[in-house]
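Structure first, commentary second.
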Amino acid sequence: MMLRRWMAAGLVAVATAGVLNAVPATAQRPYDPTAQSLRALGQRHGLYVGTAVDMAALADPAEPRYREIVRDEFSTVTAENVMKWESLEPTRGNYDWSAADELVATARRNGQKVRGHVLVWHSQLPKWLTDGVADGSIDNAELRSILRRHITTVASRYRGKIWQWDVVNEAVSDPWDTPSTLHYKGFWAEHLGPGYVADAFRWARAADPTALLFYNDYNIEAFGSGDPANDKTQFVFDMVKGLLGRGVPIDGVGSQGHLGTQYGNYDTLQVADALHRFAGLGLSTAFTEVDVRSRLTDGVQAGDSEEINPRLQASAANFHVLLQACLAEPRCLSFTVWGFTDRHSWVPGTFDDPPQGLATIYDENYQPKRSYQLMKADLIYAGPPYVRTRATPKPRR
Ligand code: 9MR
Numbered sequence: 033m034m035l036r037r038w039m040a041a042g043l044v045a046v047a048t049a050g051v052l053n054a055v056p057a058t059a060q061r062p063y064d065p066t067a068q069s070l071r072a073l074g075q076r077h078g079l080y081v082g083t084a085v086d087m088a089a090l091a092d093p094a095e096p097r098y099r100e101i102v103r104d105e106f107s108t109v110t111a112e113n114v115m116k117w118e119s120l121e122p123t124r125g126n127y128d129w130s131a132a133d134e135l136v137a138t139a140r141r142n143g144q145k146v147r148g149h150v151l152v153w154h155s156q157l158p159k160w161l162t163d164g165v166a167d168g169s170i171d172n173a174e175l176r177s178i179l180r181r182h183i184t185t186v187a188s189r190y191r192g193k194i195w196q197w198d199v200v201n202e203a204v205s206d207p208w209d210t211p212s213t214l215h216y217k218g219f220w221a222e223h224l225g226p227g228y229v230a231d232a233f234r235w236a237r238a239a240d241p242t243a244l245l246f247y248n249d250y251n252i253e254a255f256g257s258g259d260p261a262n263d264k265t266q267f268v269f270d271m272v273k274g275l276l277g278r279g280v281p282i283d284g285v286g287s288q289g290h291l292g293t294q295y296g297n298y299d300t301l302q303v304a305d306a307l308h309r310f311a312g313l314g315l316s317t318a319f320t321e322v323d324v325r326s327r328l329t330d331g332v333q334a335g336d337s338e339e340i341n342p343r344l345q346a347s348a349a350n351f352h353v354l355l356q357a358c359l360a361e362p363r364c365l366s367f368t369v370w371g372f373t374d375r376h377s378w379v380p381g382t383f384d385d386p387p388q389g390l391a392t393i394y395d396e397n398y399q400p401k402r403s404y405q406l407m408k409a410d411l412i413y414a415g416p417p418y419v420r421t422r423a424t425p426k427p428r429r
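Quick note, this note's numbering runs 32 ahead of the 1-based positions in the sequence shown.
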């Protein structure tokens, strides 16, 4: 009798631990979800939690905490810069794989997946390429074959090692661009026309049959007016629907998630609705570059808590909205932050007039902020029936 009761209790304990996907509680060490990492808590939902990695910080002997947090808190990593074209092929025909290889090796050691970023983008292109086009020594036919070779070379090198590739990044204009009607923007569309998007996905698939192929963009967290002339999410939705209709091998849409507390932003239901609609096309989704910056007012810079606290809270609320929406959609595979500490964030260097910052989930001294705690709470206090484990998509041929 005693033995049976003991066995039943044991079964319940094992089942509970299985559900929580966590170390079973013992008398010495009761299970405490708040002591778990983001990556461990994400695993309960099959959700990968990621960060962009600054390779200089990762290699810096004076930054052991940076390496530890990358290793301990995240289950997927993205190269912040070192897989971009200007880094990989600084001079024509000479690829330098060292930093990108190092990222892939680090991820392997840490048991992490890799988001490849990025195969085609109008920014951070090598000078030899943009100069060659500008001076006419590279014509559009040659440009197209250079792009094809680049995609093939990079995707082949990392074949089997990349979970999700950002194949095309930021192809669509914003309402503040000229003309304000949304359109395919930038270097590639100007020289090759919008057909380069479909070409890029086909070339990437030919080179890597196993990676999930993503379109990645910002300001597509929620739908707006529904008019593709001014609603960027709608424009992207129509674009990817069109690609699928033509049999282009696209697997997912990455929503970057660069937000600011000075803007209106969204609520969870709006964001979840957008993810559900993309999922309805049969696509995976992911948040790929989340950060939530704030104005560094004079008060913030002087340490005035009345100015700092509302910003930290608003930032946390926005991380929460995106993460909760992602949890609610089983085809939302990963949630990646664009840097995790204010010590290494692209924001202050880019937005300096007026200055902005405080965009990440740890402060400059690697102390977790309210946004980190709220992400953790989101991962802990979620489960069936509304939060289910992630789907495992098959790469589209
Ligand atoms: O974080 C990156 C920063 O270090 C670079 O200087 C910048 C150059 O444009 O790119 C940043 O990353 C961008 C990403 O590759 C694409 N989406 C927007 C990101 C922030 O600008």
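All C-beta atoms, glycine included, are put in the ideal place defined by N, C-alpha and C.
Going by CA-CA distance only, name the one from the options that's closest to residue i.
| i | options | result |
| --- | --- | --- |
| GLY192 | ARG327, PHE219 and GLY148 | GLY148 |
| GLY331 | ASN397, ILE340 and VAL324 | ILE340 |
| VAL272 | ASN248, SER257, GLN288 and GLY258 | ASN248 |
| VAL369 | LEU328, SER403 and VAL152 | SER403 |
| PRO380 | CYS358, GLN333, GLY227 and TYR398 | GLN333 |
| PRO416 | GLN388, GLY78 and PRO260 | GLY78 |
| VAL268 | ASP206, THR210 and PRO211 | ASP206 |
| THR421 | ALA166, GLN405, LEU365 and PHE319 | LEU365 |
| ASP299 | ARG278, LEU315, GLY256 and GLU338 | GLY256 |
| ASP86 | PHE367, GLN75, ILE101 and ARG76 | ILE101 |
| LYS217 | ALA203, VAL165 and PRO211 | ALA203 |
| THR210 | ILE252, THR265 and ALA261 | ALA261 |
In whole angstroms, what separates the C-alpha of residue i from that of residue j?
| i | j | result |
| --- | --- | --- |
| TYR413 | PRO362 | 16 Å |
| ASN53 | GLY274 | Only weak support is given to the placement of ASN53: the predicted model assigns it a pLDDT of 48, under 50, and the value that follows is read from those uncertain coordinates. Each residue's alpha carbon lies about 40 Å from the other. |
| VAL146 | GLY225 | 30 Å |
| ARG180 | ASN201 | 16 Å |
| ALA88 | ASP163 | 28 Å |
| VAL419 | LEU313 | 20 Å |
| SER377 | GLY227 | 34 Å |
| ASP385 | ARG97 | 30 Å |
| GLY168 | TRP220 | 15 Å |
| ARG19 | PRO425 | Because residue 19 is not part of the residues shown, which for the chain are 33 to 429, the question remains open. |
| ARG71 | SER107 | 5 Å |
Indicate whether residue i and residue j have their beta-carbon atoms separated by less than 7 Å.
| i | j | result |
| --- | --- | --- |
| ALA94 | VAL114 | no |
| VAL109 | GLN68 | no |
| VAL476 | ALA254 | Coverage of the chain is limited to positions 33 through 429, which leaves residue 476 absent and any answer about it impossible. |
| TRP197 | LEU245 | yes |
| LEU411 | LEU73 | yes |
| LEU328 | GLY389 | yes |
| ASP305 | THR392 | no |
| GLY289 | LEU354 | yes |
| ALA431 | GLU105 | No answer is possible for residue 431: it lies beyond the span of the chain, which begins at 33 and ends at 429. |
Using 6 Å as the cut-off, classify the Cβ of residue i as near or not near the heavy atoms of ligand 3, replying yes or no.
| i | result |
| --- | --- |
| GLU112 | This structure simply doesn't include ligand 3; it includes ligand 1 instead. |
Does any residue of chain C bring its CB to less than 7 Å from the CB of residue i?
| i | result |
| --- | --- |
| ASN201 | Given the protein chain composition of this structure (a single chain), no chain C is represented. |
- Message: With three or more C-beta pairs closer than 8 Å as the rule, is the stretch 296 to 311 touching the stretch 181 to 191?
- Response: no
- Should the stretch 344 to 364 be regarded as contacting the stretch 282 to 298, the criterion being three or more beta carbon pairs within less than 8 Å? yes
- Query: Using 8 Å as the Cβ pair cut-off and three pairs as the minimum, do the stretch 118 to 128 and the stretch 155 to 168 touch?
  - Reply: yes
- Message: Is it the case that the stretch 131 to 144 contacts the stretch 169 to 180, given that we only count it when at least three CB pairs across the two stretches are under 8 Å?
- Response: no
- Query: Which parts of the stretch 47 to 114 are runs of the alpha helix (DSSP H), unbroken and 4 residues or longer, counting only runs that do not cross its ends?
  - Reply: 70 to 75, 87 to 91 and 96 to 105
- Meets three-Cβ-pair contact criterion under 8 Å: the stretch 225 to 243 and the stretch 275 to 282: yes
- Task: Entirely within the stretch 237 to 320 and at least 4 residues each: give me those alpha helix (DSSP H) ranges in chain order.
- Result: 264 to 277 and 300 to 312
- Message: Please give me, in chain order, every unbroken run of the alpha helix (DSSP H) with length at least 4 that falls completely inside the stretch 324 to 405.
- Response: 330 to 333, 337 to 360 and 378 to 382
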